[in-house]
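For what it's worth, the numbering used here labels the leading residue of the sequence shown as 5, then goes sequentially.
Ideal placement from N, C-alpha and C gives every residue a C-beta, glycine not left out.
Take a look at the structure set out below.
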Amino acid sequence: MLISGSCHITLRKCILFAKPVAICRCTRYNDGRSVSDYENSALHCLTSGGSDAVRRLAGQAAGRPACAVSGPQLRTPRVLRQGRTRPENSLPAFAAAAKNGYGIELDVQFTADRRLVVFHDDTLDRMTPAKGFVHDMPWAEFSAQPLAGSDEHPPLFADMLRTVAEANPDTPLIVEIKSRSEYKHTYLEELCRATIAELKTYPGPYCIESFDPRVVGIVRRQAPGLLRGQLADSYRSYRKTGAHPVPAFVFSHCLGNFLGRPDFIAWCPEKRNWAVRLCARLGAMMVMWTALPEHDTRKLEAENDAVIFQWYAPKQQYK
């Protein structure tokens, strides 16, 4: 079946971790101002206990103690704002998140000379004075770019992992592998291989996600026991960004799940379509991104196994 969800793992059984996840990102206002901030994001996470994938994310692989237990011993979430000296994607921002007990969601991609870096956008336009795609700029030039007018610069993924491990080695990581339609399969294989290799040096729990089902499929083949997720947006959102109706339908309805058999589906704020609902019925953990104060946050938290949120501090819950 095309929409397989993750039938091979029974999800929703026990808590993996319930730490809030801080997503370092720059929020833009309608008047053009921008301010560095943490998106105070929570994973009220939860899934199966028996599989190797779950043990890895729980921090039990290689004899490590679990990063959380199924009880109220976890930390109370704290809203943490960072100043302009800690812009999105900077090492001080990652260190601050880890020291304050937050997990971290981040994005990785290659520079022109195949250095693996942490940077959210495909292009440099929003966060640096430079223009163009990250994948077209060599590391020496990319690393010299100031982030949001600060003295900080975009880091290598290896340096980010080292910084977080030194600040708090138990920090959970959600790593999104960035992809574009023009990327060839061999390029994506190298990107996934480099990401997985770097993560093997990290002492804490982690998982990988991507909007590209090819990436999820490659992760499945290269690291079968690594927890993986399929990010998806609504058909309407894909069409608004200029996607053709056919790929917009395929991606919004998770029809590429047969490639990666994701353990979780990360879905947008819009109503779930029939395919996403079927994934949930087949056992996939449901993650929602990104909840805002104007949403019915209680409803979203009740309907999802995990919620990524910003601009409000929800009550910590356990499922």
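Kindly indicate the opening and closing residues of the beta strand (DSSP E) around residue 289. In the sequence shown, the residue the question calls residue 289 occupies position 285. For residue 289, the enclosing beta strand (DSSP E) starts and ends at 289–295.
Can residue 96 and residue 145 be called in contact, C-beta distance under 8 angstroms? Residue 96 sits at position 92 when you count from the first residue of the sequence shown. Residue 145 sits at position 141 when you count from the first residue of the sequence shown. No, the pair does not count as a contact, with Cβ atoms beyond the cut-off.
Touch test, the region 205–217 against the region 163–180, Cβ-Cβ under 8 angstroms, three pairs minimum: Segment contact: the region 205–217 against the region 163–180, three or more CB-CB distances shorter than 8 angstroms; contact assigned.
Buried versus exposed call for residue 278 [16 or more other C-beta atoms within 10 Å across all chains shown]: Taking the first residue of the sequence shown as position 1, residue 278 is located at position 274. Residue 278 comes out exposed.
Enclosing alpha helix (DSSP H) for residue 161 [first to last residue]: What you label residue 161 is simply residue 157 of the sequence shown in a count that begins at 1. Going by DSSP, residue 161 is part of the alpha helix (DSSP H) stretching over 161–171.
Looking at the unbroken alpha helix (DSSP H) that takes in residue 305, where does it start and where does it end? On the sequence shown, residue 305 is found 301 positions in, with the first residue counted as 1. Where residue 305 is concerned, the enclosing alpha helix (DSSP H) starts and stops at 301–307.
7 angstroms CB neighbourhood of residue 308 in its chain, flanking five on each side removed: Within the sequence shown, residue 308 is the residue found at index 304, counting from 1. 290, 291 and 292, listed in sequence order.
On the three-state DSSP scale, how would you describe residue 132? Translated into positions along the sequence shown, residue 132 becomes position 128. Reduced to three states, the DSSP call for residue 132 is coil.
Following the continuous beta strand (DSSP E) through residue 120, name the residue where it begins and the one where it ends. Position 116 of the sequence shown, counted from the start, is the residue given in the question as residue 120. It spans 120–122 - the beta strand (DSSP E) in which residue 120 sits, taken as one unbroken run.
Check this for me: beta carbons of residue 224 and residue 189, under 8 angstroms apart or not? Translated into the one-based positions of the sequence shown, residue 224 becomes position 220. Translated into the one-based positions of the sequence shown, residue 189 becomes position 185. Taking 8 angstroms as the Cβ cut-off, residue 224 and residue 189 do not qualify as a contacting pair.
Tell me whether the beta-carbon of residue 104 lies closer than 8 angstroms to the beta-carbon of residue 122. As a working note, residue 104 is residue 100 in the sequence shown. As a working note, residue 122 is residue 118 in the sequence shown. For residue 104 and residue 122, no; Cβs fall outside 8 angstroms.
Can you name, in chain order, every residue of its own chain whose Cβ lies under 6 angstroms from the Cβ of residue 306, other than the five neighbours on each side? For the purposes of this step, residue 306 is taken as residue 302 along the sequence shown, with counting starting at 1. In the same chain as residue 306, and ignoring 5 residues on each side of it, no C-beta atom comes closer than 6 angstroms to its own.
Just verifying my parser: in three-state terms, what is the DSSP assignment at residue 241? Position 237 of the sequence shown holds residue 241. It is helical.
Separation of residue 213 from residue 235, as counted between CA atoms: Working through the sequence shown from its first residue, we reach residue 235 at position 231. Working through the sequence shown from its first residue, we reach residue 213 at position 209. Spanning the two alpha carbons is a distance of roughly 7 angstroms.
Looking at residue 116: is its Cβ nearer than 8 angstroms to the Cβ of residue 142? As a first step, residue 116 must be located in the sequence shown, where it is residue number 112. As a first step, residue 142 must be located in the sequence shown, where it is residue number 138. In contact: residue 116 and residue 142 (Cβ atoms closer than 8 angstroms).
For residue 266 and residue 181, I'd like the C-alpha separation in whole angstroms. Your numbering for residue 266 matches position 262 in the sequence shown. Your numbering for residue 181 matches position 177 in the sequence shown. Taking the straight line from one Cα to the other gives about 14 angstroms.
Shortest alpha-carbon distance to residue 300 belongs to which of 285, 274 and 282? On the sequence shown, position 296 is the one that residue 300 refers to. For residue 300, the nearest C-alpha among the options comes from 274.
Expected contact under 8 angstroms - CB spacing of residue 91 and residue 152 to nearest Å: Residue 91 sits at position 87 when you count from the first residue of the sequence shown. Residue 152 sits at position 148 when you count from the first residue of the sequence shown. Contact holds; Cβ gap of about 4 angstroms.
Per-residue DSSP class, three states only, for residue 148: In the sequence shown, residue 148 corresponds to position 144, counting from 1. Correct three-state label for residue 148: coil.
Rounded to whole angstroms, what is the Cα-Cα separation between residue 81 and residue 310? Position 77 of the sequence shown, counted from the start, is the residue given in the question as residue 81. Position 306 of the sequence shown, counted from the start, is the residue given in the question as residue 310. In this prediction, residue 81 scores a pLDDT of 29, lower than 50, which makes its location untrustworthy; no coordinate-derived value is stated.
Alpha carbon to alpha carbon, how far is residue 113 from residue 245? Give it in angstroms, no decimals. Translated into positions along the sequence shown, residue 245 becomes position 241. Translated into positions along the sequence shown, residue 113 becomes position 109. Each residue's Cα considered, the two are about 21 angstroms apart.
Buried/exposed call for residue 303, threshold 16 Cβ in 10 Å: One-based indexing of the sequence shown puts residue 303 at position 299. Residue burial is scored here from C-beta neighbours: residue 303 has fewer than 16 other C-beta atoms within 10 angstroms and is therefore classed as exposed.
Which residue or residues does DSSP assign as beta-bridge partners of residue 154? Locating residue 154 in the sequence shown gives position 150, where the first residue counts as 1. For residue 154, which the question treats as bridged, DSSP gives no partner whatsoever.
Under the DSSP definition of a beta bridge, which residues are partnered with residue 226? In the sequence shown, the residue the question calls residue 226 occupies position 222. Per DSSP, residue 226 has no beta bridge partner at all.
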